[in-house]
Amino acid sequence: MAQKPSIPKGTRDFSPQEMLRRKYIFNTIERVFQKYGFLPLETPAMENLETLTGKYGEEGDRLIFKILKRGADLDRAVQEGSKSLAAEALRYDLTVPFARYVVQNQHEITFPFKRYQIQPVWRADRPQKGRYREFYQCDADVIGSKSLLNEVDLVLLIVEVFQALNLNVKIMVNNRKALFGFAQYLGVEDRAVEFITKLDKQDKIGDRIFDELLDEEFPASAVEKARMILSESILGDYESRVGRFDYLMELFVQNTNDLGREGLQEVRFVLDSIKPHLPRTGPGLTTEFNIALARGLDYYTGAIFEVKALEGSLQSSICGGGRYDDLTGIFGLKNMSGVGISFGADRIYDVLLETGKFPAELGGSTKLLFANFGEAEAMHCLRLLRTVREAGIPAELYPDAVKMAKQFKYADDKGIPYVAIIGENELKQGIVTVKDMKSGEQKAVEQDALIDLLR
RNA sequence: GUGGUUGUAGCUCAGUUGGUUAGAGCGCCGGAUUGUGGUUCCGGAGGUCGCCGGUUCAAGCCCGGUCUACCACCCCA
0 MAQKPSIPKG
10 TRDFSPQEML
20 RRKYIFNTIE
30 RVFQKYGFLP
40 LETPAMENLE
50 TLTGKYGEEG
60 DRLIFKILKR
70 GADLDRAVQE
80 GSKSLAAEAL
90 RYDLTVPFAR
100 YVVQNQHEIT
110 FPFKRYQIQP
120 VWRADRPQKG
130 RYREFYQCDA
140 DVIGSKSLLN
150 EVDLVLLIVE
160 VFQALNLNVK
170 IMVNNRKALF
180 GFAQYLGVED
190 RAVEFITKLD
200 KQDKIGDRIF
210 DELLDEEFPA
220 SAVEKARMIL
230 SESILGDYES
240 RVGRFDYLME
250 LFVQNTNDLG
260 REGLQEVRFV
270 LDSIKPHLPR
280 TGPGLTTEFN
290 IALARGLDYY
300 TGAIFEVKAL
310 EGSLQSSICG
320 GGRYDDLTGI
330 FGLKNMSGVG
340 ISFGADRIYD
350 VLLETGKFPA
360 ELGGSTKLLF
370 ANFGEAEAMH
380 CLRLLRTVRE
390 AGIPAELYPD
400 AVKMAKQFKY
410 ADDKGIPYVA
420 IIGENELKQG
430 IVTVKDMKSG
440 EQKAVEQDAL
450 IDLLR
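According to numbering that gives the first Met the number 0, the first sequence is numbered sequentially starting from 0.
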């Protein structure tokens with residue numbers, strides 16, 4: 000019995016039309032990556048399980064797709080009642096495999112090492128709009144340099160990508176040191192990560208985060224202090240809330256909170272440095288400090304970035320990143336700071352589609368279709384076809400001598416702009432009739448003039 | 001991983017308190033037009049009503065399970 004064809008939850012097929020649009024995104028991002036001096040890298044779809052576990056926090060570990068052992072290994076693991084029925088797993092992101100690669104190849108690599116990587120990743124998440132179980136990340140990382148100029152360059156890269164994609168975005172910048180400093184100031188440094196994660200939700204649930212902090216038994220005095228500094232109802236709208244930078248800086252200086260002060264200084268350096276280089280034209284763009292930006296991944300230690308679209312209904316981030324000081328340490332390479340960003344191509348696709356921002360002429364490659372009138376005519380077309388192709392014009396010959404309506408419909412469906420007609424008459428006269436599919440006009444020219452007409 | 005909503009033609013959706021042969025628009029195929037698509041007119045094909053089970057004389061409709069998409073958590077690109 001035939002089974003109903005289907006694909007796993009959270010995965011998708013991409014039709015030719017969708018692929019043309021996806022490639023437009025990938026090509027745009029890749030072009031900018033290369034322009035900024037990043038070199039391509041690919042790593043395997045699967046890694047050893049132990050390479051991935053423990054790098055993404057407790058929640059992250061749960062979402063790793065594990066690969067079941069096979070054959071005798073599996074039998075043994077089951078028999079022994081072992082908990083490790085998997086020894087390998089699909090990659091969860093591109094950053095950890097990159098860190099693994101750097102450590103493994105440290106003697107061959109010239110530092111600072113700038114690589115980009117555009118590959119799918121897998122997460123055993125429950126799918127939703129804009130959340131897939133298989134999706135592409137487009138990463139660019141610089142490892143082996145502590146300079147904040149890398150942060151600056153990456154923010155400018157982000158700006159350039161979204162300018163090229165003609166999308167309005169908000170780029171938010173924060174710093175883990177500022178966040179930990181803030182936690183210190185509140186006296187909750189022992190639960191700093193938990194606190195910071197909660198802070199990150201303010202964008203979404205607003206002042207209810209303070210209630211949730213109390214629910215989770217953070218000291219009331221600390222929560223009240225946080226409320227005085229962050230509360231939307233006290234500070235008003237979002238714009239004045241992000242203007243808290245100076246206030247926080249003063250607070251950290253007064254309390255000789257060096258960590259927090261250092262974090263804010265870094266933020267200021269990055270934002271001040273990019274300012275003169277932001278484009279004056281093109282799509283709308285905001286870059287701003289946001290103390291309530293935290294990001295979930297455990298390994299960030301310095302700057303953190305997040306980008307959200309200002310158009311369309313997707314509220315989740317379409318690009319994110321940050322600095323990690325010790326990602327390679329766990330693989331045995333100390334003192335190797337890195338900073339990177341990751342574009343979510345699938346989400347960018349969803350936003351561009353919804354907002355109608357894809358360029359109109361992403362049609363297929365074929366520029367000219369030769370209509371097929373039968374064997375003799377087709378053989379003649381074959382010669383012309385070669386000449387046209389040699390001139391660098393993508394062209395094809397309809398393979399069957401079916402009626403014209405069907406052949407023209409084929410050209411129409413495929414978005415082929417020109418159709419060359421060589422029937423009995425044209426063959427006799429040594430000419431070719433070329434139809435412009437968009438205007439509907441057609442004219443007869445000498446066959447030698449065909450290429451010039453198409454240019 | 002927790003809770004919820006959903007599923008009818010390729011697509012978007014109708015379908016009465018459960019009642020005989022499940023409809024529409026768009027798309028698709030054929031014809032009007034044996035050398036012309038996108039517009040027009042005429043005709044046609046296409047459904048195990050997501051899947052499995054239950055209740056009932058009778059289920060697209062009620063009940064249970066399951067899968068999918070989606071929503072809220074969780075987390076994230």
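Ideal Cβ placement from N, Cα and C applies to all residues, glycine included. Since we're looking at a predicted model, the values are computed, not measured.
Exercise for the section: Report all residues from its chain with a CB closer than 6 angstroms to the CB of Gly311; omit the five preceding and five following residues, and keep chain order. Expected result: Val350, Glu353 and Thr354
Practice task
Evaluate contact between the region 363–382 and the region 417–434, counting only Cβ atoms and requiring at least three cross-stretch pairs below 8 angstroms.
Solution key: yes
Practice task
Can you tell me which of the three DSSP states Asn26 falls into?
Solution key: helix
Problem - the region 372–390 touching the region 155–163, judged by at least three CB pairs closer than 8 angstroms - result: no
Problem - Host beta strand (DSSP E) of Ala123 (start-end) - result: Premise fails: Ala123 is in no beta strand (DSSP E) and is neither H nor E.
Practice task
Report yes if the CB atom of Ile157 is closer than 8 angstroms to the CB atom of Ile340, and no otherwise.
Solution key: yes
Exercise for the section: Count the other C-beta atoms from every protein chain shown that fall within 10 angstroms of the C-beta of Glu305, then say buried if there are 16 or more, exposed otherwise. Expected result: buried
Practice task
Out of Val338, Tyr91, Phe13 and Asn173, point me to the one whose CA is closest to Phe112's CA.
Solution key: Val338
Problem - DSSP beta-bridge partners of Arg322 - result: Val338
Handout entry: Own chain partners of Lys65 with C-beta closer than 6 angstroms, once the 5 adjacent residues on each side are dropped
Key = Ala85 and Ala88
Exercise for the section: Ignore the nearest five residues each way along the sequence and tell me which others in Glu376's own chain have a CB closer than 7 angstroms to its CB. Expected result: Ile421, Gly422 and Leu426
Exercise for the section: My understanding is that Glu17 touches Gln118, with C-beta atoms under 8 angstroms, so please give their C-beta distance in whole angstroms. Expected result: Wrong, their Cβ atoms sit about 18 angstroms apart, outside the cutoff.
Exercise for the section: Can you give me the Cβ contacts of Pro4 inside the same chain, cut-off strictly under 6 angstroms, excluding the 5 residues immediately before and after it? Expected result: none
Handout entry: Residue burial classification, Gln428 (beta-carbon count within 10 angstroms, cutoff 16)
Key = exposed
Handout entry: Beta-bridge pairing of Gln136 - partner residues as DSSP gives them
Key = Gln118 and Gly343
Exercise for the section: Take the Cβ of Met171 as the centre, count every other Cβ of all protein chains shown within 10 Å, and call the residue buried at 16 or more, exposed below. Expected result: buried
Practice task
Name the one or two DSSP bridge partners that Tyr417 has.
Solution key: Leu367 and Asp435
Exercise for the section: Might you give, ordered along the chain, the residues of its own chain that have their beta carbon closer than 8 angstroms to the beta carbon of Ile450, omitting 5 neighbours on each side? Expected result: Thr386, Val387, Ala390 and Ile392
Exercise for the section: May I ask you to report which of helix, strand or coil DSSP gives Ile6? Expected result: coil
Handout entry: Given Ser316 as reference, the closest of Val168, Ile63 and Arg114 once Cα atoms are compared
Key = Val168
Exercise for the section: Look up Gln314 in the DSSP assignment and say whether it is helix, strand or coil. Expected result: coil
Practice task
Output the distance between the C-alpha atoms of Asn47 and Pro39, rounded to the nearest integer angstrom.
Solution key: 22 angstroms
Practice task
Could you say which of Gly320, Lys408 and Leu313 lies nearest to Ala302 if we only look at CA atoms?
Solution key: Gly320
Exercise for the section: Work out the CA separation of Val187 and Arg130 for me, nearest whole Å. Expected result: 33 angstroms
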